[in-house]
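Q: Residue numbers (mature numbering (1 follows the signal peptide of the UniProt record, and there is no 0)): -19 to -1, 1 to 365.
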């Protein structure tokens, strides 16, 4: 009995010790936010763009790094399966289409390592890619496994299933000090897998709302966008101080892999009018937005979440300034774009970087619990 009890206690202690919180410093190159993973044995290191808008991880293979169209063609490093003693083909493959590119290749099961934690996972070794200017070697998908390609389950869901992490959530901090380029070196930003650090980064309480399904299953981090309220305190505002635009229950996808903010085709003009701007003038070159126009004199408030449980997320104009529009240092890119669809919008990194965000699954996979994922926004502390 004593031996059995000791063994049980030891097993419990080992199980507890095996869980972890994985902190991955964020590096940025050409606006792409990436984290480092070791892949294979011995480890081959790759910077991967973390993307809440897609699921499967992919990495260009050695041949594609040399031959696929890219601004750094011939000067990149891809995954070399023959150099790893732990990689094996699963017999599956995938072709993945994104808004900005396409990749294809076989699925490989391999050893991964990050922040001292090792685990086995599957990814797509891309032998085809038309991501011609992507600074990363590939994507780390952080959407839900229901839309996995080629049997390549999301890395984080693999970590959760194997109980390699403490909690079924991850947190993202984009450091303002990092700007849009750390020259590929680790910055102060942090992707935390298996936990969150709102006590370190957030001023006040988190604003939390529930994620909705894309049908029967959760797919990407989406919710319902009820209204967009523009607030304008400038003297040239054509409407009252606040103008509420009814979004008619549009789907809003919160996507770290998207750079900007897009709204429904039928609503984009109204949203610009609500902040005292004219979208058509920008489209036709009659108005080049100057960075001096991006001030806290105007803002938008996104009302998101389940019906009856709506919460507000406020983004001010100064938080959306992004220089370089029209090849001018004094001009900034328009704050919002047309999504090209009705009833659909994207909330990308340009908005997300102004907050600490917590992406919570609510339960570990395969525990028999009902999953009710949530997304939380927190106002960053001063100096963050």
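Even glycine gets a Cβ: it sits at the ideal position worked out from N, Cα and C.
Considering residue 262, what are the terminal residues of the alpha helix (DSSP H) in which it resides?
A: First-last of the alpha helix (DSSP H) with residue 262: 260 to 264.
Q: Since residue 83 is in the beta strand (DSSP E), which residue starts that stretch and which ends it?
A: 83 to 95
Q: Checking 8 Å against the spacing of the C-beta atoms, do residue 35 and residue 79 come in under that value?
A: yes
Q: Quick check: what's the CA-CA separation for residue 176 versus residue 149?
A: 7 Å
Q: Please name the residue or residues paired with residue 122 in a DSSP beta bridge.
A: 32
Q: Under 8 Å between the Cβ atoms of residue 13 and residue 95?
A: no
Q: Should residue 71 go down as buried or exposed, given a rule of 16 or more other Cβ atoms within 10 Å for buried?
A: exposed
Q: Three-state secondary structure (DSSP) at residue 102?
A: Under the three-state reduction of DSSP, residue 102 is assigned to strand.
Q: Return the chain-ordered list of same chain residues with a C-beta closer than 6 Å to the C-beta of residue 294, the five sequence neighbours on each side being excluded.
A: The beta carbon of residue 294 lies closer than 6 Å to those of 283, 358 in the same chain, with the five residues before and after it left out.
Q: To test your reading of the DSSP string, which unbroken beta strand (DSSP E) runs of 3 or more residues are found completely within the stretch 153 to 197?
A: As far as the stretch 153 to 197 is concerned, its whole beta strand (DSSP E) runs of at least 3 residues are 167 to 174, 188 to 191.
Q: To which residues of the same chain is residue 215 closer than 6 Å at the C-beta, ignoring the five residues directly before and after it?
A: Counting only Cβ-Cβ distances below 6 Å, and skipping sequence neighbours, we find 257, 278.
Q: For residue 431, which residues in the same chain have their Cβ closer than 7 Å to its Cβ, ignoring the five residues on either side in sequence?
A: Only positions -19 to 365 of the chain appear in the structure, and residue 431 is not among them; the question remains open.
Q: So, with DSSP's three-state summary, where would you put residue 45?
A: DSSP, read as helix, strand or coil, puts residue 45 in helix.
Q: Using 8 Å as the threshold, is the stretch 311 to 325 in touch with the stretch 239 to 248, meaning 3 or more CB pairs across them?
A: Because the criterion of three Cβ pairs below 8 Å is met, the stretch 311 to 325 and the stretch 239 to 248 touch.
Q: Identify the continuous alpha helix (DSSP H) that holds residue 252 and give its terminal residues.
A: 249 to 255
Q: If you measure between the beta carbons of residue 333 and residue 237, is that distance less than 8 Å?
A: yes
Q: Thinking residue 90 and residue 76 are a contact (beta carbons under 8 Å), I'd like their distance in whole angstroms, please.
A: Actually they do not touch by this definition, with Cβ atoms about 19 Å apart.
Q: Please go through the same chain and pick out, in chain order, the residues whose beta-carbon is closer than 8 Å to the beta-carbon of residue -6, but skip the five residues on each side of it.
A: Confidence at residue -6 is low in this model, with a pLDDT of 38, below 50, so the placement of that residue should be treated as unreliable; the coordinate-derived value is given next. Result list for residue -6: empty, nothing under 8 Å.
Q: Taking the alpha carbon of residue 129 as the reference point, which residue from 316, 155, 141, 105 has its own alpha carbon closest?
A: 105
Q: So is the beta-carbon of residue 365 under 7 Å away from any non-hydrogen atom of the ligand NAD?
A: As for the ligand NAD, it is missing from this structure, which has no ligand bound.
Q: Classify residue 368 as buried or exposed, calling it buried when 16 or more other Cβ atoms lie within 10 Å of its own Cβ.
A: No statement about residue 368 is possible, as the shown extent of the chain runs from -19 to 365 and does not include it.
Q: Here's a check: name, in chain order, each residue in its chain whose Cβ is nearer than 7 Å to the Cβ of residue 297, leaving out the five neighbours to either side.
A: 277, 280
Q: Measuring CA to CA, which of 231, 250, 338 is closest to residue 288?
A: 231
Q: Measure the beta-carbon distance from residue 125 to residue 199 and round it to whole angstroms, keeping in mind my assumption that it falls under 8 Å.
A: 4 Å
Q: Under 8 Å, do residue 173 and residue 8 count as touching if we go by C-beta distance?
A: no
Q: Considering just the uninterrupted stretch of the alpha helix (DSSP H) at residue 331, what are its terminal residues?
A: 330 to 333
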